[in-house]
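*Asks:*
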Amino acid sequence: ESGTPPPPPVGPLLFFTQSGKMDVPWRLYPKAVLHLPEKVIIAVAYDCVDKMVYWTDITSPSINKASLQGGDAIPVIRTDLESPEGLAVDHLGRNLYWTDSMRDRIEVAKLDGSQRRVLFDDDLVNPRAIITDSANGHLYWTDWNREAPKIETSYMDGTNRRILVKDDLGLPNGLTYDSHSSQLCWADAGTRRVECINPNQTGRRKILEGIQYPFGITSYGRNLYYTDWRRDAIIAADRTVGRENDEFQPQKRSRLYGITTAYAQCPQGQNYCTVN
Amino acid sequence: DSTIGNPTDCKPCPCPGGSSCAIVPKTKEVVCTNCPTGTTGKRCELCDDGYFGDPLGENGPIRACRACQCNNNIDPNAVGNCDRQTGECLKCIYNTAGFYCDRCNDGFFGNALNTDTADKCKPCSCSPYGTVDRQTTCSQVTGQCECLPHVTNRDCSACQPGFYNLLSGQGCERCDCNAVGSTN
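Right, dumping it as structure tokens:
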């Protein structure tokens, strides 16, 4: 295993994973953040408090972390995983949530891997993306079950589980929540669309249509950034006007997987878990 | 190390196709950073996710990376569909199993290689009352469950003619009807 210690980060960054490589697109950052050439890294998540990146590895099924300031990979969860594909950090409650598409489970543990427990092990076929809205205490995840794809939500303790979207979905691979605009957006490789919804309201909007094969998605400012398995690229699109405005294609051509935004500062807010 | 100033300070990357490399500062290990398409690993010795092979021939003859061979019994939207070195299929669907998703999973029967997905592998659905040890598996080909004495049907769900009491779970018992008073 190897890690290239990067210079201290400045400002918000995007992370994406490509095979065993975690990289930052565009010209923001010149070097790979992390290179684990023997691994296949799928999901990536960021803890804005301790400035740590977390990722899931499907080759030796595990969840690991490393400091953004450089440092070795530290295993967080190493047992009882088969295909961990989605990962979310609750920076307020200091919890880690993940999906496992082989065990068909959603689990939670503290950021150090302790107090692990199964949140859901029923009505899941191909759970993939998972994200948190820490300030409001909500959890969201996708299931790309071809028979009945869905986007679900619950409180962060697993209560009040319900289906948020089930109509007109195909393969919802990616999910992102933007706390500034309160928009939940997903990237769907089946309908080949990016769509957004305000989880509290009924409004559902098509942002992009006729895209190729999206996998991961993240939001930053007005933009959404999604990875694409056909274009082997990250595509930026303005969420408000629904138009692509940039593309980044790494030199190496291969599938890109998870993508996340690392804010320089944590968003404001507290939830039930921080005060209890 | 180019800071010393000798013409031999920079060595070519030990990476296929003249691709680039980097030195890991802590360990001084050389790692390829832009492996040729379809390959990855420190020396580009591994295949990308969704492919298998031995591109450098580390464990025998060189086998170029090729897509997982799983008899169309994997989902292209899944990740980690096969072992990157051996090609063993890891995510068989449609109730199939086996190294190449080429047989039915336990508890299912049929032909995993059928093109019509509905025709591939059907559940054995063995009757718990009529099957030996309440087994849930059946013949992979015919779907015949292993029936208790005097129990019949593929799924061991009925008694043979002249026998009764399937629900005993011990096999069916002879009716012992009086030949004079019975209609057949």
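Residue numbers (the working numbering), protein chains in the order written: chain A, 120 to 395; chain B, 6 to 189. Heads up, the beta-carbon is just placed ideally off N, CA and C, and yes, glycines get one too.
Could you confirm whether any beta carbon from chain B is found closer than 8 Å to the beta carbon of A:I161?
*Replies:* Yes - at least one Cβ of chain B is within 8 Å of the one on A:I161.
*Asks:* Taking the alpha carbon of B:F168 as the point to measure from, which residue in B:H155, B:G174, B:D160 has its own alpha carbon closest?
*Replies:* Here the closest residue by C-alpha is B:H155.
*Asks:* Interface residues of chain B around A:Q370 at Cβ under 7 Å?
*Replies:* Correct list: N39.
*Asks:* Hey, B:G112 and B:C97: beta-carbon distance below 8 Å or not?
*Replies:* Contact: no.
*Asks:* Output the distance between the C-alpha atoms of A:L375 and A:I336, rounded to the nearest integer angstrom.
*Replies:* So the two alpha carbons sit approximately 11 Å from each other.
*Asks:* Output, in chain order, the set of chain B residues within a Cβ distance shorter than 9 Å of A:G293.
*Replies:* Here the premise fails: no neighbours, minimum Cβ distance about 12 Å.
*Asks:* Rounded to whole angstroms, what is the Cα-Cα separation between B:N100 and B:D80?
*Replies:* Going by the C-alpha atoms only, they are around 13 Å apart.
*Asks:* Contact criterion: CB-CB distance below 8 Å. Does B:D121 meet it with respect to chain A?
*Replies:* No, no contact with chain A.
*Asks:* Let me know the secondary structure DSSP gives A:A162 once reduced to three states.
*Replies:* Strand at A:A162.
*Asks:* Give the DSSP bridge partners of A:L112, in chain order.
*Replies:* For residue 112 of chain A there is no data in the structure shown, the boundaries of chain A being 120 and 395.
*Asks:* Cutting at 6 Å between CB atoms, please list the residues of its own chain near B:T157, excluding the five before and the five after it.
*Replies:* Hits under 6 Å: A163, Q165.
*Asks:* Which residues in chain B sit within 9 Å of A:E266, going by Cβ to Cβ distance?
*Replies:* Correct list: empty, because the minimum Cβ distance to chain B is about 11 Å.
*Asks:* Mark A:H299 as exposed unless 16 or more other C-beta atoms lie within 10 angstroms of its C-beta, in which case mark it buried.
*Replies:* With fewer than 16 Cβ atoms within 10 Å of its Cβ, A:H299 is classed as exposed.
*Asks:* Rounded to whole angstroms, what's the CA-CA distance from B:R68 to B:E50? Just pull it up for me.
*Replies:* So the two alpha carbons sit approximately 11 Å from each other.
*Asks:* According to the neighbour-count rule (16 or more other Cβ atoms, all chains shown, within 10 Å of its Cβ), is B:P12 buried or exposed?
*Replies:* So B:P12 counts as exposed.
*Asks:* List the DSSP bridge partners of A:R252.
*Replies:* Here residue 252 of chain A is Asp; the residue named in the question, Arg, does not match the sequence. BP columns for A:D252 point to A:H257.
*Asks:* Could you work out which residue in A:I326, A:C315, A:G289, A:S220 is closest to A:N364 when comparing CA atoms only?
*Replies:* Comparing Cα-Cα distances from A:N364 to each of A:I326, A:C315, A:G289, A:S220, the minimum goes to A:I326.
*Asks:* Give the DSSP-derived three-state secondary structure of B:D138 in the structure shown.
*Replies:* Helix, per DSSP.
*Asks:* Taking any Cβ of chain B, which residues in the stretch 244 to 267 of chain A have a Cβ under 7 Å from it, in chain order?
*Replies:* Taking 7 Å as the Cβ-Cβ cut-off against chain B, the residues of the stretch 244 to 267 of chain A that qualify are W263.
*Asks:* Counting C-beta neighbours from all protein chains within 10 Å, is the total for A:K285 16 or more, i.e. buried, or is it exposed?
*Replies:* A:K285 comes out exposed.
*Asks:* Per DSSP, which one or two residues make a beta bridge with A:K184?
*Replies:* A:K184 pairs with A:Y173, A:I193.
*Asks:* Would the beta-carbon of A:L288 fall within 8 Å of that of A:V313?
*Replies:* Against a cut-off of 8 Å, the Cβ pair of A:V313 and A:L288 comes out as no contact.
*Asks:* In the structure shown, what three-state DSSP assignment does A:T198 receive?
*Replies:* Correct three-state label for A:T198: coil.
*Asks:* Which residue marks the beginning of the beta strand (DSSP E) containing A:A352, and which one marks its end?
*Replies:* Unbroken beta strand (DSSP E) run through A:A352: 352 to 357.
*Asks:* For A:L308, decide whether its Cβ has a neighbour in chain B, counting only Cβ atoms nearer than 8 Å.
*Replies:* Leu is not the amino acid found at residue 308 of chain A; the sequence shown has Ala there. Yes, A:A308 counts as interfacial toward chain B.
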